[in-house]
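Participant:
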Amino acid sequence: MPRPEPIKAVRGVRDIMPADRPLWRRAERSAAAVAERFGYEEIVTPIIEPAELIERAGEDSDAFAKELYRFVDRGDRAIALRPEATAGVVRAYFEHNLNQGPQPSRLYLIGPMFRYDRPQKGRYRQFFQLDVEAIGSAGPALDAEVIEIARDWLSTLGLGDLRIELNSIGDHRCRPAYLEELKAYYRPLAENLSAESQRRIEQNPLRLLDSKAEQDQPFKARAPRITDHLCDECSAHWSAVRRLLDAAAIEYVLNPHLVRGLDYYTRTVFEIFPAGAAGQQDALAGGGRYDGLAEAEGWPPTPAVGFASGLDRVTDLMAAGDSSPVAVVVLPEGELDVAASELARICRTAAAVAVDYETRSLESKMRSASKRGARWVVIVNEEEASRRVARLRDMTQREQTEVRWEELPTRLA
RNA sequence: GUGGCUGUAGCUCAGCUGGCAGAGCACCAGAUUGUGGAUCUGGGUGUCGCGGGUUCAAAUCCCGCCAGCCACCCCA
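If you count the first sequence from 1, you need to add 97 to reach my numbering.
1) What is the rounded straight-line gap between the Cα of F316 and the Cα of L359?
2) Looking at the secondary structure, which residues open and close the alpha helix (DSSP H) in which F316 lies?
3) Could you have a look at W396 and say whether DSSP puts it in helix, strand or coil?
4) With the cut-off set at 8 Å, would you say D228 and A405 are in Cβ contact?
5) By the three-class DSSP mapping on this structure, what secondary structure does L463 have?
6) Using only the heavy atoms of the ligand NAP, determine whether one of them is closer than 7 Å to the beta carbon of E230.
7) Quick one: which unbroken beta strand (DSSP E) runs of 3-plus residues sit fully inside the stretch 314-382? Chain order, please.
8) To the nearest angstrom, how far is the alpha carbon of S336 from that of A346?
9) By the three-class DSSP mapping on this structure, what secondary structure does E181 have?
10) Would you kindly report the start and end of the unbroken beta strand (DSSP E) that includes D258?
11) Can E146 and G208 be called in contact, C-beta distance under 8 Å?
12) Considering L205, what are the terminal residues of the alpha helix (DSSP H) in which it resides?
13) M98 to K105, Cα distance in whole Å?
14) Got a sec, what are the start and stop residues for the beta strand (DSSP E) L428 sits in?
15) On the premise that A241 lies in contact with L342, defined as a C-beta separation below 8 Å, what is that separation, rounded to the nearest angstrom?
16) Please say whether E430 and I369 have beta carbons closer to each other than 8 Å?
17) Using only the alpha-carbon positions, how far apart do A594 and A235 sit?
18) For T365 and L263, I'd like the C-alpha separation in whole angstroms.
19) Taking only three categories from DSSP, how would you classify D434?
20) I'd like the span of the alpha helix (DSSP H) that includes R123, first residue to last.
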């Protein structure tokens, strides 16, 4: 009789298994601890949002639509699985009147995001991000603050060897003029550029600067730099951010080719890489200022800055420390399920306990307990159970003694 | 979405031009005379990703699909 196909996980998603969870938990906990130390509060927003919210935040391209997990629900509403956290956090900020409270609102969020792209290692259709946002202030100190949070968090996780890349992309006042200059620079060079870059000269010239195409590289170095064309306000902001980072002893490198493709991004942009990484693929965190987003969502213009970091990549880089979750294994000799579970219940007041209920030889159970890394083994047979005693074996000392059940918790503590 | 590589035991993989499915590790059982990590002995645990096709015969050749990986696109 043919077995039906076993049902497997949806393409591009993965299970995070018990062996990896402690690592993830460490990353999540220290994110919360660091953010809270800076006065940030946790917020949880839905993973589904009106598709329009997401689409307005990403007006740009066909590619955007292509990678959005989008569907129509039973009430004919267009729904999107959130591809990033910021749009939803900003929505919640206004919808729950945080804009009426003390500014800025300092918020962080940890949760799953969704992107419908082709999966490969480290790129999943469901992935997890830490998102830190300071909404409601245009102050450069907040730019520096979120960078410091990102840096502190990664350092805490043992990923302290970082390269922080920094740039400013101006705002609606100074950027248009700069873009004209950039177009003027690139137009005569058009036929030397990649097809994609040729298209971008008129469509999205800023993106010419971060082109990865080989033939575009020579022209980037001579391209006009936006940091040379900032208006007074942006210029002051830009130097203030750097001054604050210097004062905090946070090292960074200026990368004039670091940009964002969407209009609502303003001024500061940054990305954080592990020190060894060369490729753009390897960013551990990225963020910046998005003073135009609130307005793009239809809310009052409100300045904000933040960053997001992919936990999949971060946990991947963290050294895996292995500690056995089970301290004690109870081994009944014979048909003693009831006694063994009572014994385990007693031991559990003091330590993590698992019972080996399998009907196999004691030797085999010992082997298995040993492989699990159990510190203690508690063995009991029928005669001992009737006297309410058990053999407590110290697996590291290879010694065992007879112990009364009631004494076990103190012996295991 | 585009291009390429891959898919055989729980894991890593071998299986040349078609001829009854293999290794190491893991796992299970036993021995080493009471109860563990070492050693020894024994055990293959498998819809060869799925579905078609060619053939006397397909893991092997052909087509389609699915999945993973790499690069691109993208990373809001």
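Virtual Cβ for every residue (Gly too), placed ideally from N, Cα, C.
Since the model is a prediction, treat every value here as computed from it, not as a measurement.
Facilitator: Here's the rundown:
1) Here the question's residue 316 lines up with position 219 in the first sequence. Here the question's residue 359 lines up with position 262 in the first sequence. For the pair F316 and L359, the Cα-to-Cα distance works out to about 22 Å.
2) Counting from one through the first sequence, the residue named residue 316 turns up at place 219. Here the alpha helix (DSSP H) through F316 covers Q314 to K317.
3) The residue you call residue 396 lines up with position 299 of the first sequence. Coil, per DSSP.
4) Within the first sequence, the letter at position 131 stands for residue 228. Within the first sequence, the letter at position 308 stands for residue 405. A contact, by the Cβ cut-off of 8 Å.
5) Looking up residue 463 in the first sequence gives position 366. In the sequence on display, residue 463 carries Met and not Leu. M463: helix per DSSP, three-state reduction.
6) No copy of the ligand NAP occurs in the structure displayed, which carries no ligand at all.
7) Within the stretch 314-382, the runs of beta strand (DSSP E) at least 3 residues long that lie entirely inside it are, in chain order, 363-371.
8) As a working note, residue 336 is residue 239 in the first sequence. As a working note, residue 346 is residue 249 in the first sequence. S336 and A346 have their C-alpha atoms spaced approximately 15 Å apart.
9) As a first step, residue 181 must be located in the first sequence, where it is residue number 84. Reduced to three states, the DSSP call for E181 is coil.
10) On the first sequence, residue 258 is found 161 positions in, with the first residue counted as 1. Membership of D258 in any beta strand (DSSP E) is not indicated, and neither H nor E is assigned to it by DSSP.
11) Here residue 146 is taken as the residue at index 49 of the first sequence, counted from 1. Here residue 208 is taken as the residue at index 111 of the first sequence, counted from 1. Taking 8 Å as the Cβ cut-off, E146 and G208 do not qualify as a contacting pair.
12) Along the first sequence, read from residue 1 onward, the residue named residue 205 stands at position 108. Strictly speaking, residue 205 in this sequence is Tyr, with Leu absent from that position. Not the alpha helix (DSSP H): Y205 falls in the beta strand (DSSP E), residues S202 to F211.
13) In the first sequence, residue 98 corresponds to position 1, counting from 1. In the first sequence, residue 105 corresponds to position 8, counting from 1. Legend: pLDDT at M98 = 40, less than 50; position of this residue unreliable, value from coordinates given subsequently. Approximately 21 Å, taken between the alpha carbons.
14) Sequence index remark: in the first sequence, residue 428 carries index 331 (1-based). For L428, the enclosing beta strand (DSSP E) covers residues V425 to P429.
15) Within the first sequence, the letter at position 245 stands for residue 342. Within the first sequence, the letter at position 144 stands for residue 241. Indeed they touch by this definition, with Cβ atoms about 5 Å apart.
16) In the first sequence, counting from the first residue as 1, residue 369 sits at position 272. In the first sequence, counting from the first residue as 1, residue 430 sits at position 333. No, the Cβ-Cβ distance between I369 and E430 is not below 8 Å.
17) Here the chain has residues from 98 to 510 only, and residue 594 is not among them.
18) Here the question's residue 365 lines up with position 268 in the first sequence. Here the question's residue 263 lines up with position 166 in the first sequence. One C-alpha to the other measures close to 7 Å.
19) One-based indexing of the first sequence puts residue 434 at position 337. Looking at D434 - three-state DSSP - the assignment turns out to be helix.
20) The residue given as residue 123 occupies position 26 in the first sequence. R118 to R134 is the span of the alpha helix (DSSP H), which, as asked, contains R123.
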